[in-house]
Structures are given as structure tokens and as C-alpha cells.
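Residue numbers for the sequence shown follow my numbering, beginning at 1 and rising by one. Remarks on the structure that follows.
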Amino acid sequence: DIYNAEYLQVLQEINDAGFLMPGVDRSFQKSLWTPIVRWTEVTEEGFKGGPVMPDDYDGSQKSLDQLRYNVGRAALVGSLVANDQRSSIVSVPLLDVDADGKPLDYGAFSRALEEKIRAKQSDSIRIYIVGFAKLVGDLIDGLVQVMTYFAVATVMAAAVIYLYTRCVRSTVLVLACSFAAVTWQLGIVHLLGFVLDPYSILVPFLVFAIGVSHGAQKMNGIMQDVGRGTHRYVAARYTFRRLFLAGLTALIADAVSFAVLMIIDIPVIRDLAMTASIGVAVLIFTNLVLLPVLLSFVGVSPKAAARSLRSEQVEGNHGLQRLVCFTETRYAVAALGVSAILAVGGYIVSLNLAIGDLDPGAPELRADSRYNRDNAYITKNYGLSSDQFVVIVKTPPYGIGTFETLIEEDRLAQKLRELPEVQTVASAAQTVRFSTSGNYEASPKWLTINRDQSVLSQGTNFAIDNNPELLNKEWSVGTVIAYLKDHKAATLEAAVEAAEAFSKAHSTEDRQFLLAAGSAGIEAATNITVEKANRTMLYMVYAAVIVLCFITFRSWRAVVVAVVPLMLTSVLCEALMVVLGIGVKVATLPVIALGVGIGVDYALYLLSVQLAEQRAGKSLAEAYSAAVSFTGKVVALVGITLAAGVITWAWSPIKFQADMGILLTFMFVWNMLGALI
């Protein structure tokens, strides 16, 4: 157990190292070595007390026994000392600024924890570190690794485009224009005062991928015209005329799908929506206008252009041209039948889609990450988890210390304590009970909330002196803190339902029970917001896409052709989330909207060519054959390129980035297949 000199020596070193770190609120640091951790007992002579660590501690067996005794009478087991008494906690509260008045650098603080604290562990002593600062620090470390995926995505995009075109100059131009869009986007975002966080760090990936998608279409159009003997300047003009409207509509659809996220009252999603919309707006210039202009000067390799024309002429019934069979009734009916079966099956599975996190621990990191292993150890060995669900009790000044309020606090605490998801509950009412008993010789008859105001005031003063988190100095705001076993969606729902029901039944003009603070309370509020916004956001995205498609095509049939595959992919994506155990939350909520907005690009490029051919008098099969030859090959190329770019996120140490990568890869591939079939 912890009662040995070697352990306590290391604990003292850790306590001192934490005390001296920048940004620490030193007056409230707690451990067995801090003097503010005290024991109090009631005797015939009155109150007695002192620091838990004996003043004369010298590492002897006598002083170790005294420490054990003090820990017991201070009731620290389960909070500051583990239930099995084989570990203890050093609680280091932080300020939001350092000694120089600058915002606390969580990345530097996390690195200092590793260098100054975790480095002290040995074969016999293990160190576990949890808390917001450490979580953010691990996320920052993960973001550094994520940047390598951007380089991998760039190399993969370059390789795919070059293998398709065998033209160095056009490949470089497509990548350069996409890079320019990312650079301009980051600059504008910085000028507007936004910062990249773990959520919006993914936006540059998406902007680059979308840029490559549109750039490849322009490059392919120019290459085919050059292969037919057209001058590069004229070829650029032809391609601009043929594809500008489709490209503009597609990018506007992308921007709208991002902008719709602004309706969600969650700041990180709004920031993501704003930064992404800026990036897409930049793409309209860099990839729809600048790229054709640059290609009109630089052109494409004559060999690559000739090769592109030869491959189109010899393709015949091979490759993507086989898709023309879906313009025939029997194949079309079969495709529709399979799609209907997939839609029905996907919808049935998607009915089990959950809101919020489905795993314990920090949802931002993988379940087997070091932080989550540390968190699991502490949750298992201590009676208080880091998932705190806090109900705020609001009254007029000095209202918290009245009998009516304290008895209602006590009733709420009992309601929450009855839930199997709750470990324990803390409130001023509970503290007042024990302090009142202590003032009367620890008689169990006084272990109650007394109706006499003078008795209550004495107990309330004791509560605010020893537990300032339970009420403020004016006694106008109190808290009822429920420590939850985890923050899974079902756990949060149970706590919210119990607290809301109590609030409706017991709130008055002078006493209000407000939901909810604490890490679990904020997450519960986030889940409620996400649940309300989920369908609304999806309906708005589809409405915008339908309107834009109709403006572009002026044909309701073309709108149906463009939108139905997107809907099927949305349903299947939700089913995939159920299968993979991914809930709808802040990280995954934008994915379906992004998949719809970006996925419609495929149909826009295909249908713009097909409709032009049909209006020129060609049959459906001939028109679709021409569309596949001109833009269809690039649609397949782009779908693979986009999927290859985001699938690398699946290896990210940040779990929600990995989830987004898997879901976006699925949507890019299925949207591509849906558009072609």
C-alpha cells in the first residue's frame, strides 16, 4: 500500500514539481503532502484537527501508522486515496493564464507533465495523469501526427492523377492551384481571428481534396480537346464553357452544405462551417478560373493528350463504358431493385443510431490510448469519476442556506443517487448534515438538516469554507454534483431525465434548478443540441442541393437522378455508423452534410455533359456514353483520389478524426458509384 517511505518520498517530489509548474493555482493544490488536506474529529472537548501528513513525519513506522490513521479520520479513501489504498492523487487545479498573464499553453504544460512528473515512475511506482490539460495536450500531439497525413494525401493525389494523365505539368498545376486555395483559406481564417482546432484542422484536407476533384475535371477536358488537335488556348476556353456552370454549382452546393452547419448552436461546428465555406469560396477562383487560365498558357503534354484520345477510342465496351448497359431496362430495373433493398435494410439498421458517445473514457482519443487507460485506472480505483453532472440551484442572496432550499437540494441528491449510473452525489445539504452533527458532539440525532436558521447558517458557513464548489459567497448559487460512472449517451440521458423531472416539479420563483454544468452536463447539452439539429441540417442540405440542381439542369428528372444516389448513401452511412458503434456527435454530425454537398459534384459533371448531348439529339445511351468518356472517367478517378486522401485519417490517434475519415471515405466511394450507376 501507500504507507511506505519510498512511495511517500516520490509522492512528495511529484507534489513539489506540480506546485512549481506555471499556471498552477497553488493555493488549492491537494495531496497528502499539502497542509490544506486536514482531518477533523469531534471529541468531548470539542473539535480537533490538523494536517493529514503528521508534522513530525520522518519515514518511521510510527509516523506511517499515524498517517494511515489520519487518512481514515479525514475520510480520504475513495477521493484522495484509492479504495484499495495502493495509490493516491495529487490534484493540481489550473489557472487560465500563467505568471506572465498569457493564456496557458496546454501543449507545453502537457509536455512538462511528461518530463517532470511521469518521468519519476519506476518499476515499483506507476504514474497516471488525467484531466482537461492532459487531454488537450494529447490532442495537440495527435494533431502534429495528423499533419503527416496531409503530406501522404498529397503524394497519393499526385500519384493517382499522374498515373491517369502521364503529364507532369498538368499534374503539378492541379496540385498547385489546390495548394493555393488551402494557403489563401488559412490566411483569411487567420485574418478573421479564427484558429484551427482538432475539428477544423480537417478543413484544409477537404479543401485540398475538393480542389483536386474540380481541377482534374478541367485538366481532363483540356487534355481531350488538345488530343483532337485543338490549340491549348481554345481548348481551355471550350472546357471553361462546358464545365464552369457545373463546377460553380457543385462548389456552391459544397459551400451551402458547410454553411448549413451554422444553424447548429455549437461553437466548434460553427467555426468549422465558417472556415470550410471560406475555403470553398476560394476554390471558385483558384480551380474554376485560375487553373484553366494557367493551362491555356502551359498546356498539356502532347504525348499525354494523344494517349488520352487513344484510350478513349479503343475503350469501346471495356472499362467504364460497360456502365452504358444501365440505360437498358433490364439492367436498370436490377440496379433499382438492389438499391431499394439496400435502402430498406440500411434504414432498418439506422433506426438504432445513437446520439452521443458509446464508449467510456475521453471520446476524442482511442479507447486504448494512454490517457484512456489512465482514466480507466482512476475510475476503477476511486469513488469519484471525472464525469461530473452538475445541477445549478439559483436563489435570491442567502437563499441557499435556508431550510426549504437545502431540503430540496437533499431530495434532488437522493433522486440522482438512486440512479445506477451515478457513483455518488455531493451538495451543500450533505455537508450541512455532517457539520451540524459535528457541532453537537457527533450525535447521530443531529445528522440532519435542521429547521433552526442559526443552526443552518453555522453549517452552511462550514460548507463554503471547506467545499467552495458547492455554493458561492453570497449563498445565491449552489450546486448538486453527481459523479457519473461514464459519459455514454444512455448514462447522460438517465441523469438529464431525472434532473429535468425534479426541476419541473420543484422549481419556484425563489428557487430554480437549472441544467447543467460539469463535463458530463455540458456533453449532455451538446447531445441534445446535436439531436435537434441532426435531421434539420440534413433536410436543409438536401433542399439546397435540389434547388441548385434544378437551377442548373432545368429538369426535374435530372434532379431525381442526381439526388437519389445521395439519399441512398446517407442512409447507408447511418447504418455503417450503427455497425461500427459510432454515435452522432459534434465530430460526426458534419460528415453526412459534407458527404451530400461534395457527393453531388459527381452527378453535376456527368449530367451537364449528358444533358448537352441529349439536347443535341442523341439517344440516352449515346449521351451517357459520351458523358462517361468525357467526365465519367475523372469522376471515378476523383472518387478514388478523395477516398484515398481521407482514409489515411483512419490511423489518426484522435478517434473522432478516424471516425470522420472512415465515414467520408465510405460516402465518397458510394456517391461516386451511385452517380455512375
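Note that beta-carbon positions come from the ideal geometry of N, C-alpha and C, so glycine has one too.
Alpha carbon to alpha carbon, what distance is there between residue 584 and residue 502? 27 Å
Quick check on residue 38: does DSSP put it in helix, strand or coil? strand
To which residues of the same chain is residue 507 closer than 7 Å at the C-beta, ignoring the five residues directly before and after it? 513
Compute the Euclidean distance between the alpha carbons of residue 116 and residue 304, then round it to the nearest angstrom. 59 Å
List, from N- to C-terminal side, the beta strand (DSSP E) runs of 3 residues or more that fit wholly inside the segment 359 to 396. 388 to 394
Three-state class that DSSP yields for residue 583 in the structure shown: coil
Bridge-paired residues (DSSP) for residue 427: 480
Please name the residue in 288, 269, 216 and 252 whose C-alpha comes closest to that of residue 241. 288
Can we say the segment 352 to 365 touches the segment 653 to 663, given the rule of at least three CB pairs closer than 8 Å? yes
Taking residue 489 as part of the alpha helix (DSSP H), name the residues at either end of that continuous run. 489 to 506
Proximity to residue 382 [Cα-Cα], best of 483, 464 and 137: 483
Backbone CA spacing between residue 316 and residue 624 [nearest angstrom]: For residue 316, the predicted structure reports a pLDDT of 49, less than 50, and the residue's modelled location is therefore unreliable. The matter cannot be settled from this model.
By DSSP, does residue 317 sit in helix, in strand, or in coil? Caution is warranted here: a pLDDT of 45 is assigned to residue 317, below 50, making its placement in the model unreliable, and no coordinate value can be reported.
Alpha carbon to alpha carbon, how far is residue 321 from residue 166? 21 Å
Buried or exposed: which applies to residue 351, given that a residue is buried once 16 or more other Cβ atoms fall within 10 Å of its Cβ? exposed
CA-CA distance, residue 397 and residue 452? 18 Å
Could you please give me the residues that DSSP links to residue 279 through a beta bridge? Note: residue 279 sits in no beta bridge, so no partner.
What did DSSP end up calling residue 193 once you bin it into helix, strand or coil? coil
How long is the line joining the alpha carbons of residue 93 and residue 29, rounded to whole angstroms? 6 Å
First and last residue of the uninterrupted alpha helix (DSSP H) at residue 292: 291 to 298
Grab me the residues of residue 326's own chain with a C-beta within less than 7 Å of its C-beta, minus the 5 sequence neighbours each way, in chain order. 332, 335 and 677
Beta-carbon gap between residue 107 and residue 137 smaller than 7 Å: yes
Unbroken alpha helix (DSSP H) run spanning residue 261, endpoints: Neither: residue 261 is in no alpha helix (DSSP H) and is coded neither H nor E.
Taking only the alpha-carbon atoms, compute the straight-line gap between residue 477 and residue 471 and give it to the nearest angstrom. 6 Å
Would you check if there are 3 or more beta carbon pairs closer than 8 Å linking the segment 208 to 218 to the segment 564 to 576? no
Do you know offhand how far residue 156's Cα is from residue 308's? 21 Å
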